[in-house]
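The next block holds one structure in the form of structure tokens; read it before the comments.
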Amino acid sequence: MKRTGVPLLPPNVCHVKSNICKGLGSRPPSIHNIKRESGRKVQLGNITAAKTIADIIRTCLGPRAMMKMLLDPMGGIVMTNDGNAILREIQVQHPAAKSMIEISRTQDEEVGDGTTSVIILAGEMLSVAEQFLEQQMHPTVVISAYRQALDDMLNILKDVSTSVDVNNRDMMLKIINSAINTKALSRWSTMACNIALDAVRTVELEENGRKEIDIKKYAKVEKTDIEITREEDFARILQMEEEYIQQICEDIIRLKPDLIFTEKGISDLAQHYLMKANITAIRRVRKTDNNRIARSCGARIASRTDELREEDVGTGAGLFEVKKIGDEYFTFVTECKDPKACTILLRGASKEILAEVERNLQDAMQVCRNVLLDPHLLPGGGAVEMEVSHRLTERSRALTGVEQWPYRAVAQALEVIPRTLIQNCGASAIRVLTSLRAKHTQEGNSSWGINGETGTLADMEQLGILEPLAVKAQTYKTAVETAILLLRIDDIVSGHKKKGEDQAGGAPMEDKE
Numbered sequence: 001m002k003r004t005g006v007p008l009l010p011p012n013v014c015h016v017k018s019n020i021c022k023g024l025g026s027r028p029p030s031i032h033n034i035k036r037e038s039g040r041k042v043q044l045g046n047i048t049a050a051k052t053i054a055d056i057i058r059t060c061l062g063p064r065a066m067m068k069m070l071l072d073p074m075g076g077i078v079m080t081n082d083g084n085a086i087l088r089e090i091q092v093q094h095p096a097a098k099s100m101i102e103i104s105r106t107q108d109e110e111v112g113d114g115t116t117s118v119i120i121l122a123g124e125m126l127s128v129a130e131q132f133l134e135q136q137m138h139p140t141v142v143i144s145a146y147r148q149a150l151d152d153m154l155n156i157l158k159d160v161s162t163s164v165d166v167n168n169r170d171m172m173l174k175i176i177n178s179a180i181n182t183k184a185l186s187r188w189s190t191m192a193c194n195i196a197l198d199a200v201r202t203v204e205l206e207e208n209g210r211k212e213i214d215i216k217k218y219a220k221v222e223k224t225d226i227e228i229t230r231e232e233d234f235a236r237i238l239q240m241e242e243e244y245i246q247q248i249c250e251d252i253i254r255l256k257p258d259l260i261f262t263e264k265g266i267s268d269l270a271q272h273y274l275m276k277a278n279i280t281a282i283r284r285v286r287k288t289d290n291n292r293i294a295r296s297c298g299a300r301i302a303s304r305t306d307e308l309r310e311e312d313v314g315t316g317a318g319l320f321e322v323k324k325i326g327d328e329y330f331t332f333v334t335e336c337k338d339p340k341a342c343t344i345l346l347r348g349a350s351k352e353i354l355a356e357v358e359r360n361l362q363d364a365m366q367v368c369r370n371v372l373l374d375p376h377l378l379p380g381g382g383a384v385e386m387e388v389s390h391r392l393t394e395r396s397r398a399l400t401g402v403e404q405w406p407y408r409a410v411a412q413a414l415e416v417i418p419r420t421l422i423q424n425c426g427a428s429a430i431r432v433l434t435s436l437r438a439k440h441t442q443e444g445n446s447s448w449g450i451n452g453e454t455g456t457l458a459d460m461e462q463l464g465i466l467e468p469l470a471v472k473a474q475t476y477k478t479a480v481e482t483a484i485l486l487l488r489i490d491d492i493v494s495g496h497k498k499k500g501e502d503q504a505g506g507a508p509m510e511d512k513e
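Counted the way full-length UniProt numbering counts, the sequence shown spans residues 1 to 513.
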């Protein structure tokens, strides 16, 4: 039989192939530039990536924490031991590592503290799951045990927590001090704690029995255009402008204010009219600053001067002054009657120090806010982790089936927080952790933890090291949910263009016989 150059294929196959070729500009489909990993390899790779991220900031936990020096893309230097600030500057390619960095940002946005703890805990949660995957246990079994453990952990936290009187200033200062004691700001902790507490108390607003810490914003934008065809028009426009400015100034002067703040510029003519009326004007104020000034003195931001009313004028400010600090001039509005906004002025030797102090103060204010919104406390220093770990281990004995092993592994993973605190102090991790574990088996020792300065056992309530329940609960939820999320991934497909490929999809390829 004579062979021909045409392959003998069923008509439907030929039809499909011709359609594919037409759709791709006569180019056969190519999958060689797609990278795919699946199965155990992916899960173990995700666990390794998570542990790597956790190891980066493991030394940043506790009062003896080490600092990291990072070079940002713009050439600036970042010196910090804040977990979120460090991970924000790190460039990673692995998708699991990116997820770990994302949870630190989530923790910072939600509660403002615990960014280092959440990464270390999530990394450990995945690390203890590795042995079960190597023993061919299905990830769904591990995930089920983790979910059950999370529910029990949150219930234990509520059981261990104690309520706090938010009007007790000394207690509030202790709580804030616990948060910033691990930061660079700890040297000036007394001053920083007072500043943070006063700032949050100032902006606190209670409406209809609900506490709110927020700033209401006003914004109005108007646009106009103009066309000039003759010289006389230009002179007329200048005259109209002068009349318009005079009218605006008269509207303002009618209310007899002492001080005006505006986000826009002020012309020389307007300054002249206002100066004659003995009115001080501050121009080009940032919108956020304008909102805070309005809230401090009880004024209302107006978009048009013809809408101004007597009640729009804020009468709550007591003193306006301009001070020179260093080489810069600062405007102060102080002695307000019932201010609901404030400004914190920081001075430092360098930009890096100031940036770190600002981050620390933000953490302190967030902790204070958390306590005001949810006034429940837990002992710090790894005490609550050891107590939760002990109770989970006790409960795991009542479980049946293979789920009890991952459940018990969660209890084991929680010990990473006190263990890291001991390691960062330079103490013997095995000896001290064993003593702490034995301490928690006795009744009434749930508040015993690690003294972060010395690496020895101590009663956290006596030391005054306390943490808000909201921060700890968010840390556990975020860490366990992230571990569950990464354990559920069993396939990673990444597609990338090969170098040299045509941007427009390439020219039609000729079929080779």
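From the three backbone atoms N, C-alpha and C, an ideal C-beta is built for every residue, glycine too.
According to the neighbour-count rule (16 or more other Cβ atoms, all chains shown, within 10 Å of its Cβ), is residue i buried or exposed?
i, result
"F261", "buried"
"R391", "buried"
"Y329", "exposed"
"D113", "buried"
"Q136", "exposed"
"M240", "exposed"
"E124", "buried"
"W188", "exposed"
"Q93", "exposed"
"G314", "buried"
"P73", "exposed"
"Y244", "exposed"
"Q442", "exposed"
"T334", "exposed"
"L319", "exposed"
"D159", "exposed"
"S446", "buried"
"N424", "buried"
Going by beta carbon distance, what residues of the same chain come within less than 7 Å of residue i, once the five residues before and after it are set aside?
i, result
"S163", "P375 and H376"
"D490", "S38, G39, V42 and Q43"
"P11", "Residue placement at P11 is flagged as unreliable, the pLDDT there being 43, under the threshold of 50; the coordinate-derived value follows with that caveat. Excluding positions up to five away in sequence, the list is empty."
"T80", "M67, K68, I86, E356 and R359"
"N290", "F261, E263 and I301"
"L399", "Y407"
"E403", "V141, S144 and A145"
"L269", "E242 and I245"
"I344", "I195, A199 and L361"
Apart from the five residues on each side of it in sequence, which residues of its chain come closer than 6 Å, Cβ to Cβ, to residue i?
i, result
"R36", "V493"
"A294", "I301"
"P63", "N181, T182, G452 and E453"
"I465", "S178, G380 and G381"
"S389", "A411, L414 and E415"
"Q107", "G114, T115, V118 and T478"
"A281", "I260, I266 and L274"
"I47", "L126 and E130"
"K220", "No answer about K220 holds up, because its pLDDT of 25 lies below 50 and its placement is not dependable."
Grab the span of the beta strand (DSSP E) containing residue i for me, first residue to last.
i, result
"residue 516", "The first residue shown for the chain is 1 and the last is 513, placing residue 516 beyond what the model contains."
"G449", "W448 to I450"
"D459", "L457 to D459"
"E328", "E328 to T334"
"L487", "Counting along the chain, L487 falls outside any beta strand (DSSP E), though it belongs to the alpha helix (DSSP H) covering L469 to L487."
Can you give me the start and stop residues for the alpha helix (DSSP H) that residue i sits inside?
i, result
"A281", "Run containing A281: none in the alpha helix (DSSP H); it sits in the beta strand (DSSP E), T280 to I282."
"K51", "R40 to I56"
"K323", "Run containing K323: none in the alpha helix (DSSP H); it sits in the beta strand (DSSP E), L319 to I325."
"L259", "Per DSSP, L259 belongs to no alpha helix (DSSP H); it is in the beta strand (DSSP E), L259 to F261."
"N291", "K287 to C297"
"H272", "D268 to K276"
"M137", "No alpha helix (DSSP H) holds M137; DSSP gives it neither H nor E."
"L364", "Position check: residue 364 holds Ala in this sequence, whereas Leu was assumed. Taken as a continuous stretch (DSSP letters only), the alpha helix (DSSP H) holding A364 covers K351 to L373."
Tell me which residues share the same chain as residue i and place their Cβ nearer than 8 Å to its Cβ, disregarding the 5 neighbours each side in the sequence.
i, result
"S161", "H376, L377, L378 and L469"
"I101", "I53, L87, R88, I90 and V92"
"L485", "S99"
(request) Give, in chain order, every unbroken run of the alpha helix (DSSP H) that is at least 4 residues long and sits entirely within the segment 397–432. (result) Segments of the alpha helix (DSSP H) lying fully in the segment 397–432: 404–414 and 416–425.
(message) Count Cβ pairs between the segment 73–85 and the segment 455–462 that sit closer than 8 Å; are there 3 or more?
(response) With fewer than three CB-CB distances shorter than 8 Å, the segment 73–85 does not count as touching the segment 455–462.
(message) Which runs of the beta strand (DSSP E) at least 3 residues long sit entirely within the segment 147–214? Give them in chain order.
(response) Counting only runs of 3 or more, we get 205–207 and 210–212.
(message) Just to confirm the assignment: which complete beta strand (DSSP E) runs, minimum length 3, are found wholly within the segment 59–121?
(response) You should have 68–71 and 77–80.
(request) Give a yes or no on contact between the segment 135–155 and the segment 57–74, applying the rule of three or more CB pairs nearer than 8 Å. (result) Output reads no: the segment 57–74 does not touch the segment 135–155.
(request) Tell me, please, whether the segment 196–205 touches the segment 119–136 by the rule of three or more beta-carbon pairs shorter than 8 Å. (result) No: the two stretches stay apart, fewer than three of their Cβ pairs being nearer than 8 Å.
(message) Count Cβ pairs between the segment 274–291 and the segment 251–258 that sit closer than 8 Å; are there 3 or more?
(response) With a cut-off of 8 Å, the segment 251–258 and the segment 274–291 count as touching, because enough Cβ pairs lie within range.
(message) Counting beta carbon pairs with one atom in the segment 359–375 and one in the segment 425–434, are three or more of them shorter than 8 Å?
(response) Counting Cβ pairs under 8 Å, fewer than three are found: no touch.
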